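*Asks:* My questions will all concern the structure given below.
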Amino acid sequence: MTDETKKSFEELLEEYLPSEKEVGSEELCKGEVRAVRKDFILVDVGLKSDGVISSSEFSPEELEGLKIGDSVEVVVDRWEDESGNICLSKEKAEKLKIWESVEEAFENGSLVNGTIVARVNGGLAVDIGVKAF
């Protein structure tokens, strides 16, 4: 084998594993629940290590029904916390999906349903899953 055809273990591993660039922090990605703990949910999103979602991002009903192997949509919130974990967010994923549907409705000229939550100067504040004006 020549030097050109030899690859280090690290180079081969980098080619095999997805890079952080393949999953952006503002992109939806599907993950598979690996473990459900009191304070966090461990999720495999196809990166070098599993990510964690705070249990506080789930309703009590969602937590009760959550089991290993379930699919969840998340976004990468931070690539690494103080413990070295990839931090994921289910709430940010839900908001991102809402904004994508609002953008699609705008492009198609279709209506978006919402609930008026307050009167503000010059208009109304509306809840469409996220705050809108």
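In terms of this note's numbering, the sequence shown has 641 at position 64, counting the first letter as 1, and numbering is strictly consecutive.
Beta carbons are placed, not taken as given, at the ideal position from N, Cα and C, and that holds for glycine.
These figures come from a predicted structure and were not determined experimentally.
#1: Alpha helix (DSSP H) containing Gly642: first to last residue?
#2: Are the CB atoms of Val651 and Ile675 within a distance shorter than 8 angstroms?
#3: Distance, Cα to Cα, Asn662 vs Ser626?
#4: Could you say which of Phe586, Ser636, Ile705 lies nearest to Ala682 if we only look at CA atoms?
#5: Could you tell me which residues DSSP pairs with Ala702 in its beta bridges?
#6: So what does Phe617 bridge to, in DSSP terms?
#7: Which two residues bound the contiguous alpha helix (DSSP H) that contains Leu673?
#8: Alpha carbon to alpha carbon, what distance is there between Phe710 and Gly699?
*Replies:* In short, the structure shows the following:
#1: Per DSSP, Gly642 belongs to the alpha helix (DSSP H) from 637-642.
#2: Judged by beta-carbon spacing, Val651 lies beyond the 8 angstroms limit of Ile675, meaning their Cβ atoms are not closer than that value.
#3: The alpha-carbon of Asn662 is positioned some 8 angstroms away from that of Ser626.
#4: When only C-alpha atoms are compared, the closest one is Ile705.
#5: Under DSSP, Ala702 shares a beta bridge with Ala695.
#6: Answer is Ser631, bridged to Phe617.
#7: Counting along the chain, the alpha helix (DSSP H) containing Leu673 begins and ends at 667-685.
#8: Roughly 9 angstroms separates the two Cα atoms.
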